[in-house]
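**Student:** Number 98 in this note's numbering belongs to position 118 of the sequence shown; there are no gaps in the numbering. Ideal Cβ positions, reconstructed from N, Cα and C, are used throughout, including at glycine.
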Amino acid sequence: MSIMRGRSLRIWGAALALCVCGGVSAQQYRSEVRELPNPPAEERQSAEALLKQTTDPYQRALLLRELAVKAAKAGDHQRAAELLSQALETNALSGPAAEQMREMLGQVLMAGGDFKRNQPALEAQVRRGNAPPEIRVALAAAYLQDRRHADAIPLLRSAIDAVENADISWRRALMGAYLATNQFKAALPLLERLVREAPEARDDWARLAAVYLRVGNKQRAAATLELAQRLGYMNEASDRLRLVGLAAELGAPFEAASLLQGWMDNRQLPNDRGNRRLLAQLFVAAREAQLALPAISRALKDGADAELLRVQAQLQMENERYGDAAESIKQLIALEGPEPDSLMSLATAQYQQANVDDALANFRRAAAAPGQQAELAREWVKYLESGRARELAMTAAAERREREAGDVRLASRIGTGDGAIPTRANRPAAGADAAGQSGGGRFTPVGAERAGNASGEIPAWTGGITPDRRPAGFVKGKALPDPYADDAPLFVITADNMAKHAQRLTRSHQHLLKKVPGYRLPVYPTRRSVSYPSAIYQATAKNAETAKLESPDALKDARLGFPFPQPSSGVEIMWNHRTRYRGDTVNLENEQAVVQKSGSFSSEHTQVFRVNFRYANIRDTADPETENYVALGITHIAPPGRMPDVVALFHETLDSERQPRNIWVLLAAAGRMFRVPPLGYDQPFPGSDGLEFIDMVDMYNGAFDRYVWKLEGKREMYIPYNAYRLNLPPLKNEDLLQPLAFDPEHTRYELHRVWVIEATERGGERHSFGKRVFYVDEDSWTVVMVENHDRKGNLWRFQEGHLVAEYDVQAAWTRPVITYDLKDGRYFANRLFAESPHIEYGLKFGTNEFLPAAVRRTYSR
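#1: Given ASN828, which residues of its chain have a CB within under 6 Å of its CB, disregarding the five upstream and five downstream residues?
#2: Relative to the ligand ZN, is the shortest distance from any of its heavy atoms to the C-beta of LEU340 smaller than 6 Å?
#3: Using only the alpha-carbon positions, how far apart do ARG257 and PRO250 sit?
#4: Once DSSP output is grouped into helix, strand and coil, what is the label at MET765?
#5: Reducing DSSP to helix, strand and coil, say where ALA202 ends up.
#6: From the DSSP output, which residues share a beta bridge with ALA628?
#7: Taking the alpha-carbon of ILE309 as reference, which of GLU300, ASN299, GLU298 and GLN294 has the nearest alpha-carbon?
#8: Starting from ILE309, trace the alpha helix (DSSP H) both ways and give me its first and last residue.
#9: In angstroms with no decimal places, state the Cα-to-Cα distance between GLU172 and GLN199.
#10: Any idea if GLY427 is buried or exposed, counting beta-carbon neighbours within 10 angstroms, 16 or more meaning buried?
#11: Among the residues of its own chain, which have a CB less than 6 Å from the CB of ALA468, if the five just before and after it don't count?
#12: Please report the straight-line C-alpha distance between ALA327 and ARG344, rounded to a whole angstrom.
#13: Opposite VAL503 in the DSSP bridges: which residues?
#14: Once DSSP output is grouped into helix, strand and coil, what is the label at ALA166?
#15: Mind reading off the beta-carbon distance from LEU848 to LEU535? Whole number of angstroms is fine, and I expect it under 8 Å.
#16: For GLU801, which residues does DSSP report across the bridge?
#17: Anyone know if the C-beta pair for SER514 and GLY444 falls short of 7 Å?
#18: Counting Cβ pairs, one atom from each stretch, are 3 or more of them under 8 Å apart for the stretch 159 to 174 and the stretch 186 to 197?
#19: Using the C-alpha atoms, what's the distance from ALA465 back to PRO845?
#20: My assumption, with CB atoms under 8 Å, is that PHE830 sits in contact with ILE617. Please give the rounded CB distance.
#21: For the stretch 483 to 490 and the stretch 770 to 786, state whether three or more C-beta atom pairs, one from each stretch, are separated by less than 8 Å.
#22: Closest to VAL756 by CA distance: which of LEU356, TRP776 and GLY693 is it?
#23: Could you give the DSSP three-state label for PRO179: helix, strand or coil?
#24: In this structure, how does DSSP classify LYS751 when only helix, strand and coil are distinguished?
#25: Determine the burial state of LYS751: buried for a count of at least 16 other Cβ atoms within 10 Å of its Cβ, exposed for fewer.
#26: Going by alpha carbons, who is nearest to GLN483 out of TRP761, THR34, LEU211 and HIS732?
#27: Would you identify the three-state DSSP class for ALA785, choosing helix, strand or coil?
#28: Look up HIS818 in the DSSP assignment and say whether it is helix, strand or coil.
#29: Tell me, please, whether the stretch 799 to 818 touches the stretch 699 to 718 by the rule of three or more beta-carbon pairs shorter than 8 Å.
#30: Candidates ASN592, LEU647 and SER668: which alpha carbon is nearest GLU632's?
#31: Can you grab the Cα-Cα spacing for the pair LYS690 / ARG290, in whole Å?
#32: From which residue to which residue does the beta strand (DSSP E) around ILE699 run?
#33: Output yes or no for whether 7 Å exceeds the beta carbon distance between MET697 and ARG836.
#34: By the three-class DSSP mapping on this structure, what secondary structure does ASP635 have?
#35: Are PHE808 and VAL574 closer than 7 Å when you measure CB to CB?
#36: Report the rounded CA-to-CA distance for THR446 versus SER511, giving the unit in angstroms.
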């Protein structure tokens, strides 16, 4: 339907306008024209020939206009528009003449009707600010062809406002643009007027009822249907199905399903195979698993259907009905053959039932098949062949039996990060910041020693970098300038002098100094730069009196701040690391790569990490009594320039005995999502070539049940700190990733006090690491280094996190993070930001964004 109906100018009108204007302008602007005597008729040359000969801009403009007249008379409006545009581009006409020619151009564009093709010329007309309503509508039509609905709306509105009784097609186009941009309330008045003016348009009745349903006004929707039926416009089955379809298209699939179900029950629509299938699809779209599964079951009785079987298996997996899911997938395989994605899903369902042997067989089949799933399948095979999988599967199955059945739901009070003012219960007391920074006492507000060390190499903490101390050049949202750019190294530790500094070096650093040619540690003046918001300081003070651990994995009576500013055990320190403030909500997009011993890169990937921190969230502080979450997050990894194949969703909990950690994996290409066994142990992290395990992410993120945690005390050590230079251009990742070790040229090490924790494997548990030694910065409670030993006690993997005080939000992150394999010479570099955008903070996440169904809907392709 053309939105120009009734308004477009006729072809002869455009041509006539050109002819008339041509005659007038010769007389009107005679003073400007250098006229030549008219040659005899037999010698008169064509305009085309004259155009080729003349170089005078003014004559060219007149000749182009003459040719445009001929083209318009012949019905070639596109050619006429091109010629007029060329005439205007000569810039040879006076202001009035040029304006007159622009009007001609607008008339030709309108007459042609091919608005998309003429879009540049239409845009030029509108930019000049005096375009008539018809031109604005024509440009809107071009935008609508490109689905640029938001750009079309202001053009249509201004055109409608400028014309009394604007054509109905204009208003229908504006209504459609509103619906396409989810501006349902704005569309309602237009729809109501449309059904009054043209009640015979049945689609408008259906749209009006559907929009009422979408905005939650079921009474008006019912009244609309009743009126339409009385008028004889909504009595046919096709009309009712049209309404069902429109309601679903407008984002109200549950309401659409309810209508369909009611009409089928009342026999106003046939209860046939097609409608039963449609009902199942609508309940699936509405994410109503408990209604969708019975509907799918009824639809499948009509005959095998691969799509419905696939959806049924997915829903059964999400609801932990793994036995039913396995049966559905077997039927799917019988119907369409052993597709790799189906084999992956079947193997996962079998593993969840602790049927490790059958799961292993199907993962092997998937690994042998071509396709993107092969790499993930091989990781599963490696894991299942490790000997630890059976025990973990049995444990996971037992935990599931203990959990209540039902869908995963987030606490209803999770906010959307809209910047609401904290309630009285969680607002910081006045003056807390000043008290925390400048007050006396032995300890800082988070529990670090305020004073410097005896030698003066470690200075006293004076508040860190607060908003009033940000360096020159700071721009919110951009990479952080180095506040210590003028510092020079005090000295450099090399293999030749490391014995002098051995007491302040990890064994791993000593190993690298000995084994890697040119490796060194440039040591700079110590800058205690980390600060936290005053709300964190106040909450930490309260937690110091109330927080406790009921078990290593169950934190109680703590809120927002660090739970244990004066820790008495290694586990308490690790809880400080887990719950530390890192911004309320964040989005990280950075590079990672595996560097082989030769220096070549492999497994280069881009990682995205989106997190809604629930415990340490100042704007929307969670109540641990009703919301048992540390964080809700989504991460995905993909080779450069490609969409992610695998997306992970995680729910980290405060009390894993009350509610265990949950992780789901989405196979994006297949659109299938399933819950995986409790991770956080020694399963490989995607894209790391096995160098990093899942529980090594963020230095340590797993449960505490596999180790005995021993607090060794504090030490003064050289640690990577204030690593701003590593995260700034013009550095390139390829410059930093050198053979055997990360390039030390731009690194910075400082002397700081760290807590040292030794974690040894608990009896009866089997992790690839028999012992781990953690080094935790006292000022930020961030793990900055970890030494991981194999089960024979040999030093194996070394994690080194280069700490940055994120003074834009008063938090701390480690970036980059390097994981060295000290046995084979490879290393894995993660959180590389030199060529990546700065961390985004304060994002507004929707309440349900971190639900499995939402992740599947967003990332499936």
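**Tutor:** On the basis of the supplied data:
#1: ALA834
#2: Inclusion of the ligand ZN in the displayed structure is not the case, the ligand content being empty and no account of it being possible.
#3: 12 Å
#4: strand
#5: helix
#6: THR615 and VAL645
#7: GLN294
#8: 302 to 316
#9: 15 Å
#10: buried
#11: none
#12: 9 Å
#13: PHE471 and TYR729
#14: helix
#15: This structure gives no information on residue 848, because the portion of the chain shown stretches from -19 to 841.
#16: Position check: residue 801 holds Asp in this sequence, whereas Glu was assumed. For ASP801, which the question treats as bridged, DSSP gives the partners ARG777.
#17: no
#18: yes
#19: Missing from the structure shown is residue 845; the chain here goes from -19 to 841 and no further.
#20: The Cβ separation is near 18 Å, so there is no contact.
#21: yes
#22: GLY693
#23: coil
#24: strand
#25: buried
#26: HIS732
#27: strand
#28: coil
#29: yes
#30: ASN592
#31: 49 Å
#32: 687 to 700
#33: no
#34: strand
#35: yes
#36: 6 Å
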